[in-house]
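>
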Amino acid sequence: MIKTVSFYGKVNENIDFYATVSGESIYRKFFMKETQKGVHFFSNGNELILTEEGIIHNCNGGQVSEYMFGASLPIEDLLNDEVLNRLVFFGAFENPKTKQLYFTNKVSGALSYDSIFLNGNALSCYFFFIGDPKNLSVVERQEKTLKALGKYLKRTEMVGKQDDTSLMEAFIEFLDEKNIDIFLIRLTNKENMAIYKKLKDCYENNRKLPEILPEEENLDPYVRERLRIDVIYQDKINKALIKEYKYLLSQNVEGKIPPSIKARLQRLRTLSLRHNIPSSLFDTLENIIFQGKEKIAAEESSYISETRQILESFLLDAGPFTQEITKDELITLLFCKQKAVQERDNTFEEILLDVGRLIDEKVSQTEDFDLLESFGKTITYLDRFDSSASFINNITFMEGKEIEEAHIRSLVNNYKIFNELKDGLFEKLFIEPLKKNIYITNFGRKKLEEIEKGLKNISNNEATIQDLSFILNEINRQEETFQLLRNICKERLKHFYVDLTKKEGKVALQKEVLKEMKKNGQEGFFDEEIFKAVIEKIKLESLYINEILPEIIEKGSFELREDFIKNSGIERFIIEELEQEYIEVEKLDPSLLSQLQAI
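Residue numbering for the sequence shown follows the working numbering, beginning at -16 and increasing consecutively.
#1: How would you write the range of the alpha helix (DSSP H) that D343 sits in, first residue to last?
#2: So E462 and E382 are in contact, right, with Cβ under 8 Å, and what is the actual spacing, rounded?
#3: Taking the alpha helix (DSSP H) that S452 belongs to, which residues open and close that run?
#4: If you draw a straight line from the C-alpha of T592 to the C-alpha of L67, how long is it?
#5: For chain B, is any of its Cβ atoms less than 8 Å away from the one on E567?
#6: Let me know if V568 comes out buried or exposed under the rule of 16 or more other beta-carbons within 10 Å of its beta-carbon.
#7: Which runs of the alpha helix (DSSP H), 4 residues or longer, sit entirely within the segment 74 to 145?
#8: Where does G427 sit, in a helix, a strand or coil, going by DSSP?
#9: Select from L210, L248, N221 and N235 the residue whose C-alpha is nearest the C-alpha of Y228.
#10: List the DSSP bridge partners of Y1.
#11: So, at 8 Å on beta carbons, what are the nonlocal neighbours of Q578 in its own chain, with the 5 sequence-adjacent residues on each side left out?
#12: Excluding five sequence neighbours on each side, which residues of the same chain lie with their C-beta closer than 7 Å to the C-beta of G552?
#13: Could you check if G359 is buried or exposed, using at least 16 other CB atoms within 10 Å of its CB as the buried criterion?
#14: Go through its chain and collect everything with a Cβ distance to A105's Cβ below 7 Å, but skip five positions before and after it.
#15: What are the start and end residues of the alpha helix (DSSP H) that includes N397?
#16: Are there 16 or more other CB atoms within 10 angstroms of the CB of L341, so buried, or fewer, so exposed?
#17: Expressed to the nearest angstrom, what Euclidean distance is found between the alpha-carbon atoms of R475 and L497?
#18: Candidates K239, T18 and L202: which alpha carbon is nearest F100's?
#19: Under a Cβ-count criterion, where at least 16 other Cβ atoms within 10 Å of its own Cβ denotes burial, should E435 be classed as buried or exposed?
#20: Can you give the Cα-Cα distance for F318 and T81, rounded to whole angstroms?
#21: Indicate the three-state DSSP secondary structure (helix, strand or coil) for V568 in the structure shown.
#22: Can you name the start and end residues of the alpha helix (DSSP H) that G488 belongs to?
#23: Could you please give me the residues that DSSP links to E24 through a beta bridge?
#24: Out of curiosity, what's the CA-to-CA distance linking S371 and L394?
#25: On a CA-only basis, which of K137, F111 and I(-2) is nearest G21? Give me that one, please.
#26: Taking the beta carbon of H478 as the centre, do at least 16 other beta carbons fall within 10 Å, making it buried, or is it exposed?
#27: If you pair each beta-carbon of the segment 33 to 42 with each one of the segment 53 to 64, do three or more pairs fall below 8 Å?
#28: What is the C-beta distance between I454 and G437, in whole angstroms, given that I count them as a contact (C-beta under 8 Å)?
#29: Over the uninterrupted beta strand (DSSP E) stretch that includes L70, give me the two end residues.
#30: Please list the terminal residues of the continuous alpha helix (DSSP H) segment that includes I553.
#31: Could you pull out every residue in the same chain whose Cβ sits closer than 6 Å to the Cβ of S91, ignoring the five residues on either side in sequence?
#32: How many Å lie between L256 and F380 at the Cα?
#33: Which residues mark the beginning and the end of the beta strand (DSSP E) in which Q590 is found?
#34: Going along the chain, which residues of its own chain have a beta-carbon closer than 7 Å to the beta-carbon of E49, five neighbours each way excluded?
#35: Within the same chain, show all residues whose beta-carbon is closer than 8 Å to that of E385, passing over the 5 residues directly before and after it, in chain order.
#36: Who pairs with G37 in a beta bridge, going by DSSP?
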């Protein structure tokens, strides 16, 4: 006897629906009709209509969709790794005082498709209701459904997998009621899904997202950003980094971050640059977790005190002298900005915004435009700081970042302006801190050295912008080729063994690599010298994981680790990935990782 039936249809050119209906003798019942208004689903006084513009509902039940990273969600859901989905019941509200959920009879309403895919998952969303012949009130029916299915619907992977059959089976099992009809309707946004697939394929192949696709241009900017961020987040490596970051924040929800935790958070952010994870993902986590929390009072850092003293001098009414800050004060302010960025301390920006707001109010009352102009000059220097720091950081840490001559030209101009304030200021603000960064890669260090040398030569008319652009793009090409060859070599070595200490082994591996590159249309990227360098790195990685690391763990010789990193030329983040892999494979105590990587 048929108990479940499924339907597929289109409500408009972009929105498809998949309906699954289950109940005793469902094939004998009249529960669906199509009119000029749309597709109607109904049972026992409940009705849900799919129109061309959205849904109209007058029914129990609600909607469920998988959370997309960065979407607004309760902090309890964010901090619970088991919670995967957004669940909304019609007619449900939260008591603002007790924070308890309560139901009402107000289950009628309408939702546009734009709002459904904006507030829920941008790809697909489920709606459900129960046709119940029993004389239960709407409130009683909703409470019963929530009690039976709430926990499952918040946690199941079937929502994200769009597995209608498994979801319906779960509804039947958890409700465990006779003589009810269950309606499960999945809406999908074809445009968003096609864009998401393109972005995902591109990221999986290149470890970076493309520039704005033509298909994305008409998307709401918020939806576009959600799709891109979620593609990055769903990557296995990225998700692990973000999960650890979230865990560390969750242990300090009051906002007081101990120095040891702060250092670990900073390291995760630095590692994330290697995977092109935008810092906005981490900023989003911090905003959600700390929102509304009163931060524990702490002694103000000296650089913040100096910032406050310099910027708030614009607000003094002692005379025109207060409207100008000296060259030395401006330099001090730039170093305070540098320190705030290193510490990820938003207090600097908060002070800047507060002072700017107060100056605007003051100028509107006094028409003192000299004050506005003077403050604007300071803001211009801070903007130049942001653009220079962002450009150099991106070039240094991000693989394959295309360098345009316009960006170099802007950097040359900023180099001149900062060094006019004080000789060597540009290097102290932007170059020297990166040289000390222990996570900078070999290629990143090369690019940084060429930037430092190139800017100096250009300012002395010994080189051109085109020269520096060419050199940096060539290093980028080498870096991309190195990573491509390394990834292919590592993958091929999983499937067959060769002795890389012998010429025959290297030749055999080279043939395998060339065959794989030809298959992928990448044969033009092969570079024999870079291939040789990759082989040497792989041999050193093998030496570390098979000989050096076991000795470090057995004898506790942690200084041997730093010696190896210093002398081998293997990047620290690669070493850390090898260590994590080794500890997982050997099933060792995870706390060893913290001991190894304590800096």
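Built from N, CA and C at the ideal position, the CB exists for glycine as well.
Since the structure is predicted, the reported quantities are computational estimates derived from the model, not experimental observations.
A quick look at the data gives this:
#1: T330 to T349
#2: 5 Å
#3: I448 to L476
#4: The structure shown does not extend to residue 592, since the chain spans only -16 to 582, so no value can be given for it.
#5: Of the protein chains in the structure, only one exists, and it is not chain B.
#6: exposed
#7: 96 to 102, 121 to 138 and 141 to 144
#8: helix
#9: L248
#10: Y(-9) and R169
#11: F541
#12: N425
#13: exposed
#14: M51, N172, N175, V206, R209 and L210
#15: E388 to L404
#16: exposed
#17: 11 Å
#18: L202
#19: buried
#20: 47 Å
#21: helix
#22: K486 to K502
#23: At residue 24 the sequence reads Phe, which differs from the Glu that was named. Bridge partners of F24: M15 and L31.
#24: 6 Å
#25: I(-2)
#26: exposed
#27: no
#28: 7 Å
#29: N68 to F72
#30: From DSSP, I553 is part of no alpha helix (DSSP H); its letter is neither H nor E.
#31: N41
#32: 6 Å
#33: Outside the displayed range of the chain (-16 to 582) lies residue 590, so it cannot be described from this structure.
#34: L67, N68, N104, V142 and G143
#35: N456 and N459
#36: S95
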